[in-house]
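Peer 1: Chains as they are written, first to last, in my numbering: chain W, 37 to 148; chain X, -6 to 104.
Even glycine gets a Cβ: it sits at the ideal position worked out from N, Cα and C.
All values reported here derive from a predicted model rather than from experimental measurement.
Dumping the structure here so I can ask a few things about it.
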Amino acid sequence: NAGVMQNPRHLVRRRGQEARLRCSPMKGHSHVYWYRQLPEEGLKFMVYLQKENIIDESGMPKERFSAEFPKEGPSILRIQQVVRGDSAAYFCASSPSGNEQFFGPGTRLTVL
Amino acid sequence: EDQVTQSPEALRLQEGESSSLNCSYTVSGLRGLFWYRQDPGKGPEFLFTLYSAGEEKEKERLKATLTKKESFLHITAPKPEDSATYLCAVQVETSGSRLTFGEGTQLTVNP
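Structure representation (structure tokens):
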């Protein structure tokens, strides 16, 4: 059973560009979470989704950030007009039930 | 506000030297407490879930325990491959299923 897959693993963007991060959950998992780990900081919750629904987006910045988990295909975290402060590791986790969460390898975003 | 505090921030052990990591929490209604291991450049790896005070779980050299205010991760006779950052996280009844993480304990085991 393949684990949570994230791509790309590394992403470099210039200020003002868009970043799209993709996450494929483990087979049979319908709950997807996104977390961000800023340099020298802990993991912070961003958003929780189930198929076609955003359940909890209380950790998402109000502007420039959006997330979706369509009926078909991976979950997408989209960051518009990136700034240097968006440089971080973004982790996706999936869960079969909303309890134990299993993390992917992360996408490391660098904004130049 | 829910808070999770891990101590120590960093711990150096000699191979075979047993010790414990602490995770103290202040939350309004604990749903579950989770331990993860994170190696540099990788995602957190799930270790344990604890749901109620008095519960214990073991896996190889690791044992996790839970009280009403804190959790301990005991490491017995550690090996160099146990070197990693250990993360504690909580799920709270009023916050759905999102995890609130502590800052982690960076463990180094020297041969």
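Would you give the residue range spanned by the beta strand (DSSP E) that residue 61 of chain X belongs to?
Peer 2: As a working note, residue 61 of chain X is residue 68 in the second sequence. Segment: none, residue 61 of chain X is in no beta strand (DSSP E) and carries neither H nor E.
Peer 1: Buried or exposed for residue 22 of chain X, please, with buried defined as at least 16 other CB atoms from any protein chain shown within 10 angstroms of its CB.
Peer 2: What you label residue 22 of chain X is simply residue 29 of the second sequence in a count that begins at 1. Classification of residue 22 of chain X: exposed, given that the 10 Å Cβ count is below 16.
Peer 1: Which of the three DSSP states, helix, strand or coil, is assigned to residue -6 of chain X?
Peer 2: Taking the second sequence and counting its residues from 1, the one referred to as residue -6 of chain X is at position 1. Coil at residue -6 of chain X, not helix or strand.
Peer 1: Nearest by alpha-carbon distance to residue 138 of chain W: which of W:130, W:119 and W:144 is it?
Peer 2: On the first sequence, residue 138 of chain W is found 102 positions in, with the first residue counted as 1. Looking at the Cα atoms, W:130 is the closest of the given residues.
Peer 1: Smallest Cα separation from residue 80 of chain W: which of W:124, W:148 and W:132?
Peer 2: In the first sequence, the residue the question calls residue 80 of chain W occupies position 44. Measuring from the Cα of residue 80 of chain W, the nearest candidate turns out to be W:124.
Peer 1: Using a cut-off of 9 angstroms between C-beta atoms, extract the partners of residue 54 of chain W located in chain X.
Peer 2: Taking the first residue of the first sequence as 1, we reach residue 54 of chain W at position 18. By Cβ distance, chain X contributes nothing, its closest Cβ being about 24 angstroms from residue 54 of chain W, past 9 angstroms.
Peer 1: Under 9 angstroms between the Cβ atoms of residue 60 of chain W and residue 132 of chain W?
Peer 2: Taking the first sequence and counting its residues from 1, the one referred to as residue 60 of chain W is at position 24. Taking the first sequence and counting its residues from 1, the one referred to as residue 132 of chain W is at position 96. Going by C-beta atoms, residue 60 of chain W is not nearer than 9 angstroms to residue 132 of chain W.
Peer 1: Flag residue 89 of chain W as yes if its beta-carbon sits less than 9 angstroms from any beta-carbon of chain X, otherwise no.
Peer 2: The residue given as residue 89 of chain W occupies position 53 in the first sequence. Answer no: the Cβ-Cβ gap between residue 89 of chain W and chain X never drops below 9 angstroms.
Peer 1: Since residue 51 of chain X meets chain W, which of its residues come closer than 7 angstroms, beta carbon to beta carbon?
Peer 2: Here residue 51 of chain X refers to the residue found at position 58 when the second sequence is read from its first residue. Ordered by position in chain W, no residue passes the 7 angstroms Cβ test against residue 51 of chain X, which lies about 17 angstroms from the chain.
Peer 1: Please report how far the alpha carbon of residue 68 of chain X lies from the alpha carbon of residue 71 of chain W, in whole angstroms.
Peer 2: Numbered from 1 along the second sequence, position 75 holds the residue referred to as residue 68 of chain X. Numbered from 1 along the first sequence, position 35 holds the residue referred to as residue 71 of chain W. Straight-line Cα distance between these residues: approximately 27 angstroms.
Peer 1: So the beta strand (DSSP E) residue 107 of chain W belongs to, where does it begin and stop?
Peer 2: Here residue 107 of chain W corresponds to residue number 71 of the first sequence, with the count starting at 1. Per DSSP, residue 107 of chain W belongs to no beta strand (DSSP E) and is neither H nor E.
Peer 1: How is residue 47 of chain X classed by DSSP in three states: helix, strand or coil?
Peer 2: Reading the second sequence from its first residue, position 54 is the one you call residue 47 of chain X. It is coil, neither helix nor strand.
Peer 1: Short check: CB of residue 113 of chain W to CB of residue 102 of chain W, under 9 angstroms?
Peer 2: The count along the first sequence starts at 1 and reaches residue 113 of chain W at position 77. The count along the first sequence starts at 1 and reaches residue 102 of chain W at position 66. Cβ atoms of residue 113 of chain W and residue 102 of chain W: closer than 9 angstroms.
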